[in-house]
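Worksheet: one structure, shown below.
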Amino acid sequence: MSAEVVSSYAEALVAVVQAEGDLAATEDELFAVAQALAGSDELREVLADRRIPAARRQQIVEDLLEGQAAEATVALVSMVVGAGRGGDLVRIIEAAVERSAGLRNKAVAEVRSAIALSDDQQRRLAEALQQATGKDVTVKVIVDPTVMGGLVTRIGDEVIDGSVRTRINQLREAF
Amino acid sequence: MTARIQDGGRARRPSRLRRRAFAGALILLAALWFGASPVAAAGETPGACVAEKVEALNFGGRHGGEALAILKETAATGVDVGAEDKLKSFEKKLEGCLEAPNPIIPEVTEIIWGGIAFVVLFALMQWKLFPAVKRGMDRRAEKIRDDLDAAETARTEALEVKAGYEAELADARAEAGRIVDAARADAEQVRAELIARAETEADELRQRSDLDVEAAKRQALADLQSEVEAIVIGAAETVIGRNLDHDTQVQLIESYIDDVGSQN
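Line by line, the protein sequences are chains A and B.
Just so you know, the first sequence maps onto residues 1 to 175 in our numbering.
Just so you know, the second sequence maps onto residues 1 to 264 in our numbering.
Here's what the structure looks like:
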């Protein structure tokens, strides 16, 4: 799938989210869906499998997200899967999140942590990242136990790594 | 064909020689036969000598046996000393008849007849036998000379052939020597090459073995280090994971936020 198609779908998603009004909340939910898909190969394969009828795949999405996300979010994801783009859903959502943040003049800071961050921690982290990078950022936290401890932040191509996993890897390389 | 003719000539010559020798022997026998007869008729036997002496005796006007009888009677009487002496002289003459001839000096007649026979025989021999013998001897000598020449020629040819053979043999020996030397040199070269190759291969094998040992040692050390590293890292990871309780996690997050905020 070309980057142009991904961008077109992302643009469509952002347009729908803007029309619904709650841009940040929908953005967070879409990001959470993308992280869930990124962590499950089986789910990605099922949603990308064209041998499964589109209605069946859409039903799977709706069953999974029902009660977990806003109806607009579920409808957007179902629309993409129904269009046969389930295999590119993660890339489309990431592009849409970045585009949505861009519309708010913000950069997306993808933060990986072993435990969930409190709102206060996310706010202070956003301030610290803004101070460090000079960009107004919106923090998207991904709970990743492989980080072990500390945080790993990626803003675009820039990575600020303070995780215990990276320290251990550095120790291994030092051997 | 030539050899057969020569053989025929050789076969005829002895036959002719034998015939001539047989003829010479007959001539000699005849000369002896006719030469000996006058000698035997000369009265040389003892009986003839006694008869001759008796016939020649003369005494008292008598001759022969009658004179001898008278002489014996007269001498027996002892009257006539002269008769006794004559009888004794007559007896000595008779005894002379009984004496053996001289073993060295023959009778004169025998010498004469022998000389005549010798001359005749010598003349015959000089006339017929000696020339034939001389011709035979000459032919024999010529044949021997021819044979000697042929033998010398054959010997020369044989020597030449022998020299040729010896030269060829010497060449063959020299060639064999060269071949043996070349083969020995080749063998020596092959041996040296094989030894050099074997030494090179042995050196390469030894070096490869050393390298393999060294590589195995390094690999073993690396494996050991890797295992130790894995054990140490795993242990550190386990210890760190056990000690990362919620408070520690929060502390790490706060520390991260402070560090990021301090960057500018």
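Note that beta-carbon positions come from the ideal geometry of N, C-alpha and C, so glycine has one too.
Owing to the predicted nature of the structure, the values given are computational and were not obtained by experimental measurement.
Residue-level contact to chain B via CB, residue i, 8 Å cutoff
i, result
"GLY156 (chain A)", "no"
"LEU125 (chain A)", "yes"
"ARG172 (chain A)", "yes"
"ALA48 (chain A)", "no"
"VAL139 (chain A)", "no"
"GLY86 (chain A)", "no"
"ILE168 (chain A)", "yes"
"PHE31 (chain A)", "no"
"SER113 (chain A)", "yes"
"GLY82 (chain A)", "no"
"VAL90 (chain A)", "no"
"ILE142 (chain A)", "no"
"VAL164 (chain A)", "yes"
"ALA107 (chain A)", "no"
"GLY21 (chain A)", "no"
"MET79 (chain A)", "no"
Cutoff 7 Å; reference residue i; Cβ partners in own chain excluding five residues on either side
i, result
"GLU20 (chain A)", "THR26, ALA72"
"GLY43 (chain B)", "Confidence is the limiting factor: at GLY43 (chain B) the pLDDT is only 47, short of 50, which leaves the residue's position unreliable, though a coordinate-based value still follows. Closer than 7 Å at Cβ, skipping near neighbours: CYS49, GLU52."
"GLY60 (chain B)", "ALA67, ILE70"
"ALA75 (chain B)", "ALA83, GLU84, LEU87"
"LEU28 (chain B)", "LEU121"
"VAL81 (chain B)", "none"
As assigned by DSSP and simplified to three states, the class of residue i
i, result
"ARG104 (chain A)", "coil"
"SER163 (chain A)", "coil"
"VAL61 (chain A)", "helix"
"VAL79 (chain B)", "coil"
"SER8 (chain A)", "helix"
"SER113 (chain A)", "strand"
"PRO53 (chain A)", "coil"
"ASN169 (chain A)", "helix"
"GLY67 (chain A)", "coil"
"ILE104 (chain B)", "coil"
"GLU99 (chain B)", "coil"
"ASP22 (chain A)", "coil"
"PHE175 (chain A)", "coil"
"ARG85 (chain A)", "coil"
"PRO38 (chain B)", "The predicted model places PRO38 (chain B) with a pLDDT of 42, which falls under 50 and marks its position as unreliable; any figure quoted below should be read in that light. The answer is helix: DSSP assigns PRO38 (chain B) an H, G or I state."
"THR74 (chain B)", "helix"
"GLY43 (chain B)", "Summary for GLY43 (chain B): the model assigns pLDDT 47, below 50, so the residue's position carries little reliability, and this model does not support an answer."
Below-8 Å beta-carbon distance, residue i vs any chain A residue
i, result
"GLN225 (chain B)", "yes"
"VAL239 (chain B)", "no"
"ALA222 (chain B)", "no"
"GLN312 (chain B)", "Past the boundaries of the shown model lies residue 312 (chain B); chain B is included only from 1 to 264, so the question cannot be answered."
"GLU204 (chain B)", "no"
"GLN263 (chain B)", "yes"
"VAL260 (chain B)", "yes"
"GLU229 (chain B)", "yes"
"ALA236 (chain B)", "yes"
"ILE195 (chain B)", "no"
"LEU244 (chain B)", "yes"
"LEU252 (chain B)", "yes"
The ligand ZN heavy atom lying under 7 Å from the CB of residue i
i, result
"VAL133 (chain B)", "The ligand content of the structure shown is nil, which means the ligand ZN is not present either."
Range of the contiguous alpha helix (DSSP H) that encloses residue i
i, result
"ILE112 (chain B)", "108 to 124"
"LYS162 (chain B)", "130 to 243"
"THR146 (chain A)", "That residue, THR146 (chain A), is in no alpha helix (DSSP H); it is neither H nor E in DSSP."
"ALA75 (chain A)", "71 to 82"
"ARG123 (chain A)", "119 to 133"
"ARG44 (chain A)", "41 to 48"
"GLY261 (chain B)", "246 to 262"
Sheet register partners of residue i (DSSP bridge)
i, result
"THR138 (chain A)", "A:VAL108"
"GLU158 (chain A)", "A:ILE155"
"ARG62 (chain B)", "B:PHE59"
"SER2 (chain A)", "In the DSSP output, where bridge partners are listed per residue, SER2 (chain A) has none listed."
8 Å Cβ shell around residue i - same chain, five flanking residues per side excluded
i, result
"ALA55 (chain A)", "GLY82"
"GLU110 (chain A)", "LYS140, ILE142, THR153, ARG154, ILE155"
"GLY64 (chain B)", "VAL54, GLU55, LEU57"
"GLY24 (chain B)", "LEU124, MET125, LYS128, LEU129"
"PRO106 (chain B)", "GLY114"
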